[in-house]
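Residue numbers (the working numbering): 116 to 321. Right, one structure below, let's go through it.
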């Protein structure tokens with residue numbers, strides 16, 4: 116991740132550090148970040164068609180490109196300051212909520228007098244601050260089930276944390292300019308809070 120990207124997440128305090136943690140398919144490189152609460156322009160993303168067998172929750176590259184362009188144009192018209200690159204928000208707890216209840220939203224963090232644009236389908240939302248575990252996958256949307264299962268089901272309980280709220284953030288780091296055949300590289304940010312539940316033992320990990 117670039118220095119510019121790291122600065123965009125609103126980290127505070129000690130320098131950022133990664134640690135390698137074994138995941139179910141060779142491991143994910145994990146770290147912790149602190150995000151500031153920010154207002155954002157938001158655009159709902161359509162779910163895949165029921166007959167789309169390519170991915171259970173893959174979002175078309177064209178929809179992401181068009182959505183980012185629309186949000187950028189509205190931010191420019193409203194003379195807003197764009198604070199970081201767009202994020203993709205999943206509104207669900209992947210381990211508890213049914214797939215059909217998942218909703219996806221493209222959000223652009225901004226500063227200024229932002230206004231909703233009903234004609235364009237753009238609303239206002241808030242990206243909550245706090246501690247996040249972040250990681251990276253080169254497997255695109257198809258790898259998210261495995262990643263969520265490891266992070267929320269194994270990693271967080273073992274480290275005495277739990278999901279703060281059912282809103283998981285993602286950012287496309289590479290592949291958006293392609294034709295969609297190659298999986299996107301996604302950064303994933305999971306909000307965390309200390310848990311009072313008994314931590315898992317090493318032999319209990321999946």
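The beta-carbon is built from N, C-alpha and C at its ideal position, and this holds for glycine as well. Because the structure is a prediction, the values reported are computed rather than measured.
Per DSSP, residue 289 forms a beta bridge with which residues? DSSP, once it has assigned bridges, lists 300 as partnering residue 289.
For residue 267, three-class secondary structure by DSSP: Helix at residue 267.
Candidates 224, 213 and 216: closest to residue 239 by CA position: Restricting attention to 224, 213 and 216, the CA atom closest to the CA of residue 239 is found in 224.
Exposure label - residue 145; buried when at least 16 CB within 10 Å: Under this definition residue 145 is a buried residue.
Is residue 177 helix, strand or coil by DSSP? In this structure, residue 177 counts as helix in the three-state DSSP scheme.
Beta-carbon contacts of residue 182 that lie in its chain and below 8 Å, excluding the five residues immediately before and after: Cβ within range, chain order: 158, 160, 201 and 221.
In its own chain, which residues sit with a C-beta less than 7 Å from the C-beta of residue 226, not counting the 5 before and 5 after it? Once the five neighbours on either side are set aside, the close Cβ partners of residue 226 are 195, 196 and 198.
Where residue 207 and residue 213 are concerned, what is the direct C-alpha to C-alpha distance, given to the nearest angstrom? So the two alpha carbons sit approximately 9 Å from each other.
What separation, rounded to the nearest whole angstrom, lies between the Cα atoms of residue 184 and residue 285? Each residue's CA atom was taken as its position, placing residue 184 and residue 285 some 17 Å apart.
So, using beta-carbon positions, are residue 256 and residue 307 closer together than 8 Å? The criterion of a C-beta distance shorter than 8 Å is not satisfied by residue 256 and residue 307.
Is the Cβ-Cβ distance between residue 251 and residue 300 less than 8 Å? Result yes, Cβ atoms of residue 251 and residue 300 sit closer than 8 Å.
So for residue 183, helix, strand or coil by DSSP? DSSP places residue 183 in helix when its eight states are reduced to three.
In three-state terms, what does DSSP make of residue 255? In the three-state reduction of the DSSP assignment, residue 255 falls in the helix class, which pools H, G and I.
Exposed unless 16 or more other CB atoms sit within 10 angstroms - verdict on residue 235: By the neighbour-count criterion, in which 16 or more other beta carbons inside 10 Å mark a residue as buried, residue 235 falls on the exposed side.
DSSP puts residue 154 in a beta bridge; with which residues? For residue 154, which the question treats as bridged, DSSP gives the partners 225 and 241.
CB-CB length for residue 367 against residue 153, believed under 8 Å: The requested residue 367 does not occur in the structure, where the chain is confined to residues 116 to 321.
Taking 6 Å as the limit between beta carbons, can you name the residues of its chain near residue 281, skipping five residues before and five after? Closer than 6 Å at Cβ, skipping near neighbours: 207 and 208.
Nearest-angstrom Cα separation, counted from residue 303 out to residue 321: Note that residue 321 has pLDDT 41, beneath the 50 cutoff, so the model's placement of it is unreliable and the number below is only indicative. Rounded to whole angstroms, residue 321 to residue 303 spans 20 Å at the Cα level.
So the candidates are 204, 176 and 187; which of them puts its Cα closest to the Cα of residue 283? Of the candidates 204, 176 and 187, the one whose C-alpha sits nearest the C-alpha of residue 283 is 204.
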